[in-house]
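There are 2 protein chains.
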Amino acid sequence: MSSPEIDALAQALARLPGLGPRSARRAVLHLLKRRETALVPLIAALQSVAANLSTCEICGNVDTRNPCGVCTDPRRDVRQLCVVEEVADLWALDRSRLFPGRFHVLGGRLSALDGVTPEDLSIAALVARVRAGGIEEVVLAMNATIEGATTMHYIAEQLRGLGVRVMQLAHGMPVGGELDYLDEGTLAQALRARRLVD
Amino acid sequence: MSSPEIDALAQALARLPGLGPRSARRAVLHLLKRRETALVPLIAALQSVAANLSTCEICGNVDTRNPCGVCTDPRRDVRQLCVVEEVADLWALDRSRLFPGRFHVLGGRLSALDGVTPEDLSIAALVARVRAGGIEEVVLAMNATIEGATTMHYIAEQLRGLGVRVMQLAHGMPVGGELDYLDEGTLAQALRARRLVD
Ligand SMILES: [Zn+2]
Ligand SMILES: [Zn+2]
Numbered sequence: 001m002s003s004p005e006i007d008a009l010a011q012a013l014a015r016l017p018g019l020g021p022r023s024a025r026r027a028v029l030h031l032l033k034r035r036e037t038a039l040v041p042l043i044a045a046l047q048s049v050a051a052n053l054s055t056c057e058i059c060g061n062v063d064t065r066n067p068c069g070v071c072t073d074p075r076r077d078v079r080q081l082c083v084v085e086e087v088a089d090l091w092a093l094d095r096s097r098l099f100p101g102r103f104h105v106l107g108g109r110l111s112a113l114d115g116v117t118p119e120d121l122s123i124a125a126l127v128a129r130v131r132a133g134g135i136e137e138v139v140l141a142m143n144a145t146i147e148g149a150t151t152m153h154y155i156a157e158q159l160r161g162l163g164v165r166v167m168q169l170a171h172g173m174p175v176g177g178e179l180d181y182l183d184e185g186t187l188a189q190a191l192r193a194r195r196l197v198d
Numbered sequence: 001m002s003s004p005e006i007d008a009l010a011q012a013l014a015r016l017p018g019l020g021p022r023s024a025r026r027a028v029l030h031l032l033k034r035r036e037t038a039l040v041p042l043i044a045a046l047q048s049v050a051a052n053l054s055t056c057e058i059c060g061n062v063d064t065r066n067p068c069g070v071c072t073d074p075r076r077d078v079r080q081l082c083v084v085e086e087v088a089d090l091w092a093l094d095r096s097r098l099f100p101g102r103f104h105v106l107g108g109r110l111s112a113l114d115g116v117t118p119e120d121l122s123i124a125a126l127v128a129r130v131r132a133g134g135i136e137e138v139v140l141a142m143n144a145t146i147e148g149a150t151t152m153h154y155i156a157e158q159l160r161g162l163g164v165r166v167m168q169l170a171h172g173m174p175v176g177g178e179l180d181y182l183d184e185g186t187l188a189q190a191l192r193a194r195r196l197v198d
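Okay, here's the thing in structure tokens:
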């Protein structure tokens, strides 16, 4: 691969999670050999997403619509709200179809080490959503890490006295486990056995 | 992922070799969260390749230049020509820097089963290149499969009497092995011990 354009494409693809340099080269070759059936459609799909991409003003999901498809889905139970650290967690839970309510993406977790404070996360927006009414239960679906637990307890404190049940996922998640790597069985069990935050 | 644009992108990415549905979803999320630093640059890289993509009229390589970077590289030994089945094989050999000459891509292999005949491959073009003169050695680097061997012997027959040494790769490639999956050590050994086609 001597052409600078092809090298640049291989490097751009190699930066995607799950594609190393070797598989990126295979992907490039796949695209080069199928200009009309793979390369051009991939460009169109990327452009369509790039043109419409936005962050949902309600929940923080990324989608091509704003408000996002989850927030505008009329089949969702608006009384239940699941709070997650990252968009990836929202997607993992949404894909599993285990949670019938809506979501709230914090955009991270509290971390003294990384200097992440409550103001860096969308916690005020969460409190405002709950204050606006209609929500009966908030499930704090943080990762089962020290920082996840710290974040969970901080948020539970902020929601105290607002008249909502504040729940956490059941232990059952492997300690240190990242939510969006869990299989659906583990996720299902953790949701089913959720309990009030201590 | 409920938006049709995002679903379409995930499907387009999942068709790339090395990316299953799960890693395609992760790649999509990676791109959505990094519109300016990942999504937009990837689109630009793909477009640049798509705009300039062509098949080299000399060797059959795919590149953004025609003739390709290999054929126009002045450091190549024009007396040596390596014949491969597919562009992927050319790239694998080129990456290894083990072969100092130029290449010729057949575009496949003879196959009674798949109805691939000599006319379907660029064998006439290969004979014409050799007839044009300047080439002293042709290395037939077909895959170590039955069809590869059939193709190799057919081409050796076509090149008989044209005054070139017709070589094959040493045994050392695993039988049934695909050339572009080989590690460099095996490739080096197979090239080093190449021998005249029987
Ligand atoms: Zn939303
Ligand atoms: Zn060429």
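Order-wise, the sequence lines are chains A and B.
In terms of full-length UniProt numbering, the first sequence has 46 at position 46, counting the first letter as 1, and numbering is strictly consecutive.
In terms of full-length UniProt numbering, the second sequence has 4 at position 4, counting the first letter as 1, and numbering is strictly consecutive.
Backbone N, C-alpha and C fix where the C-beta goes; we use that ideal spot for every residue, glycine too.
Owing to the predicted nature of the structure, the values given are computational and were not obtained by experimental measurement.
query: Given 8 Å, three or more beta-carbon pairs between the segment 24-38 of chain B and the segment 56-74 of chain B; result: no
query: heavy atom of ligand 2 below 6 Å from A:C82 C-beta; result: no
query: Own chain partners of A:A193 with C-beta closer than 6 Å, once the 5 adjacent residues on each side are dropped; result: A170
query: Collapsed DSSP secondary structure at B:S48 in the structure displayed; result: helix
query: Contact list for the segment 26-38 of chain A against chain B, Cβ threshold 7 Å; result: R26, A27, L29, H30, L32, K33, R35, A38
query: Contacts of A:E5 in chain B (Cβ-Cβ under 8 Å); result: A45, S48, V49, N52, T64
query: Any 3 or more C-beta pairs closer than 8 Å across the segment 69-76 of chain A and the segment 66-77 of chain B; result: no
query: Neighbour list for B:R15 in chain A, Cβ cutoff strictly below 7 Å; result: A38
query: Contact test: A:I6 Cβ vs ligand 2 heavy atom, cutoff 6 Å; result: no
query: Own chain, CB closer than 7 Å to B:V116, minus 5 neighbours either side, in chain order; result: G108, R109, L110
query: Under 6 Å, CB to nearest heavy atom of ligand 1: contacting residues; result: A:C56, A:I58, A:C59, A:N61, A:P67, A:C68, A:V70, A:C71
query: Chain-order list of residues whose beta-carbon lies under 7 Å from that of A:L90 (same chain, five-residue window excluded); result: N61, V84, F103, V105
query: Rounded separation between A:T145 and A:V87 - CA only; result: 17 Å
query: Unbroken stretches of the beta strand (DSSP E), 3 residues or longer, contained in the segment 82-163 of chain A; result: 102-105, 137-140
query: Local Cβ density within 10 Å of A:T151, reported as buried at 16 or more and exposed below that; result: buried
query: Partners in chain A for B:V87, counting only beta-carbon separations shorter than 9 Å; result: L29, L32, K33
query: Beta-carbon separation (whole angstroms), A:L81 vs A:I135, contact threshold 8 Å; result: 5 Å
query: Of the listed residues A:V164, A:L187, A:L162, A:A45, nearest to A:L98 (C-alpha basis); result: A:L187
query: B:S23 (DSSP reduced to helix, strand or coil); result: helix
query: Beta-ladder partner(s) of A:V62, from DSSP; result: A:T55
query: Cross-chain neighbours of B:L162 in chain A, by beta carbon under 9 Å; result: Correct list: empty, because the minimum Cβ distance to chain A is about 29 Å.
query: Spatially closest choice to B:V49 from A:L16, A:I6, A:L29, by CA coordinates; result: A:I6
query: A:D7: first and last residue of the uninterrupted alpha helix (DSSP H) it sits in; result: 4-14
query: Proximal residues, the UniProt domain "Toprim" (79-174) of chain B versus chain A, C-beta separation under 8 Å; result: V87, A88, W91, D94, R95
query: Three-state secondary structure assigned by DSSP to B:V166; result: strand
query: 8 Å contact criterion, which A:A27 and A:L19 should meet: CB distance rounded; result: 6 Å
query: is_contact[A:P41, chain B] using C-beta, thresh 7 Å; result: yes
query: Contacts around A:S96, its chain only, beta-carbon distance under 8 Å, and the 5 residues preceding and following it disregarded; result: E184, L187, A188
query: Residue burial classification, B:D114 (beta-carbon count within 10 angstroms, cutoff 16); result: exposed
query: Residue-level contact to chain A via CB, B:G185, 7 Å cutoff; result: no
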